[in-house]
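Structure first, commentary second.
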Ligand SMILES: Cc1cc2nc3c(=O)[nH]c(=O)nc-3n(C[C@H](O)[C@H](O)[C@H](O)COP(=O)(O)O)c2cc1C
């Protein structure tokens, strides 16, 4: 089957994309409003984009039928120019889901989720103490794309925290100890790092050796 995006209803295009481009890492983003009130929300339109400079990207949708078309996270990033990406491990999944609830303004979602915070070193937004990897970020640029208040946020990592015991003195990361989860299909499916395999990187010389012509003229 094949489609041009314009042939699909917006919701159907969303379903096809998020149910095929997977697994996606999850950023539980903390930010603060102009009054310093903290907010947390998960985003799986997220990835690290480069290391030099160290950039992350977030895709933040607009809100339909809401008093403000911007999600709190986007509004806060616009105001303060900074945020923290807290990566999500298996133990944090339920709390992450609570942070995705569209709470009325008077409810503090971080408190509702039972998450403890820790001050950041370079920015006002707090970190989530339970997260194994916390990236303090300053907004580099945000692009308003599409017609429905969607934003692509590019942020530069200005400080990174990794829980003690995960990285050794040679900077090798123990990914079992990280125990991160990724977003899968449907509304509710996630995966851990359990089913993994190793596939050696290919070299040109190795590829040439394996595909060289045999005396009979056939490619081996
Ligand atoms: C696992 C997960 C991933 C999500 N990814 C995104 C995303 O990439 N972009 C987005 O706009 N909303 C995403 N959401 C929904 C937001 O987290 C949700 O709208 C949240 O209430 C926004 O909160 P805020 O208004 O405090 O920013 C996701 C929700 C979950 C549970």
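Numbering (UniProt numbering), first residue to last: 1 to 220.
All C-beta atoms in this analysis are idealised placements derived from N, C-alpha and C, irrespective of residue type, glycine included.
These figures come from a predicted structure and were not determined experimentally.
#1: My understanding is that residue 31 touches residue 77, with C-beta atoms under 8 angstroms, so please give their C-beta distance in whole angstroms.
#2: What is the DSSP secondary structure of residue 107, counted as helix, strand or coil?
#3: According to DSSP, is residue 73 helix, strand or coil?
#4: Could you pull out every residue in the same chain whose Cβ sits closer than 8 angstroms to the Cβ of residue 109, ignoring the five residues on either side in sequence?
#5: Give me the residue from 75, 83, 9 and 170 with the minimum Cα distance to residue 126.
#6: Bridge partners of residue 24, per DSSP?
#7: From this set, 4, 133 and 44, which residue's C-alpha is nearest residue 19's C-alpha?
#8: What is the DSSP secondary structure of residue 174, reduced to helix, strand or coil?
#9: Taking 8 angstroms as the cut-off, is the C-beta of residue 61 nearer than that to any heavy atom in ligand 1?
#10: For ligand 1, is there any heavy atom lying closer than 8 angstroms to the beta carbon of residue 248?
#11: Spatial neighbours of residue 163 within its chain, please: CB distance less than 6 angstroms, with the 5 preceding and 5 following residues excluded, ordered by chain position.
#12: Is the Cβ-Cβ distance between residue 139 and residue 160 less than 9 angstroms?
#13: Please work out which residues of its chain come closer than 7 angstroms, Cβ to Cβ, to residue 122, disregarding the five sequence neighbours upstream and downstream, and give them in chain order.
#14: Can you name the start and end residues of the beta strand (DSSP E) that residue 154 belongs to?
#15: Reducing DSSP to helix, strand and coil, say where residue 60 ends up.
With the given structure in hand:
#1: Against the chain shown, residue 31 aligns to sequence position 31. Against the chain shown, residue 77 aligns to sequence position 77. Indeed, because the Cβ distance is near 6 angstroms, the residues count as touching under 8 angstroms.
#2: Within the chain shown, residue 107 is the residue found at index 107, counting from 1. If DSSP states are grouped into helix, strand and coil, residue 107 belongs with coil.
#3: Here residue 73 refers to the residue found at position 73 when the chain shown is read from its first residue. Residue 73: helix per DSSP, three-state reduction.
#4: Residue mapping note: residue 109 aligns to position 109 of the chain shown, counting from 1. Closer than 8 angstroms at the Cβ level, and outside the excluded window around residue 109, lie 39, 40, 41, 98, 99, 101 and 103.
#5: Within the chain shown, numbered from 1, the residue matching residue 126 stands at position 126. Nearest of 75, 83, 9 and 170 to residue 126, Cα basis: 83.
#6: For this step, residue 24 is matched to residue 24 along the chain shown. 183, per the DSSP bridge assignment.
#7: Position 19 of the chain shown, counted from the start, is the residue given in the question as residue 19. Nearest of 4, 133 and 44 to residue 19, Cα basis: 44.
#8: Taking the chain shown and counting its residues from 1, one reaches residue 174 at position 174. Reduced to three states, the DSSP call for residue 174 is coil.
#9: On the chain shown, position 61 is the one that residue 61 refers to. Under cutoff, so the answer is yes.
#10: No statement about residue 248 is possible, as the shown extent of the chain runs from 1 to 220 and does not include it.
#11: Walking along the chain shown from the start, residue 163 turns up at place 163. Excluding five sequence positions before and after residue 163, the CB atoms of its chain that fall closer than 6 angstroms to its own CB belong to 132, given in chain order.
#12: Residue mapping note: residue 139 aligns to position 139 of the chain shown, counting from 1. Residue mapping note: residue 160 aligns to position 160 of the chain shown, counting from 1. The answer is no: Cβ separation not under 9 angstroms.
#13: Taking the first residue of the chain shown as position 1, residue 122 is located at position 122. Cβ within range, chain order: 136, 158 and 159.
#14: Counted from its first residue, the chain shown places residue 154 at position 154. Element bounds for residue 154: 150-162.
#15: To locate residue 60, count along the chain shown from 1; it is residue 60. Note: residue 60 maps to strand in three-state DSSP.
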